[in-house]
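Asker: The structure that follows is given in the form of structure tokens.
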Amino acid sequence: MIKPGESKGVFFNLSFKDFSYYISNMSFKAELGDFKLFVGTNSVSNLKS
1 MIKPGESKGV FFNLSFKDFS YYISNMSFKA ELGDFKLFVG TNSVSNLKS
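For the sequence shown, position 15 matches number 15 in UniProt numbering, and the numbering has no gaps at all.
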């Protein structure tokens, strides 16, 4: 349990496939570049991590 005001680090590895999606010929594609990750219970109220 994380107490109010306390912070903890969370680490996980993401691979090429985690950022990939299917294109029209059913092959995987991933865009190059930097990404911002957001954490939250839904897409409206999220927290940038």
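Just so it is clear, CB atoms sit at the ideal spot from N, CA and C, and this is done for glycine as well. All values derive from a computational prediction rather than experimental measurement.
Comparing the CB of S43 with every heavy atom of the ligand SAM, is any distance shorter than 6 Å?
Answerer: Ligands in the displayed structure: none, and consequently the ligand SAM is not present.
Asker: Tell me where the beta strand (DSSP E) around G40 begins and ends.
Answerer: Element bounds for G40: F38 to G40.
Asker: Checking 7 Å against the spacing of the C-beta atoms, do A30 and F11 come in under that value?
Answerer: Contact flag unset, no.
Asker: Any idea what DSSP makes of F28, helix, strand or coil?
Answerer: Three-state result, F28: strand.
Asker: In terms of alpha-carbon separation, which member of F38, S20 and S24 lies closest to L32?
Answerer: Here the closest residue by C-alpha is S20.
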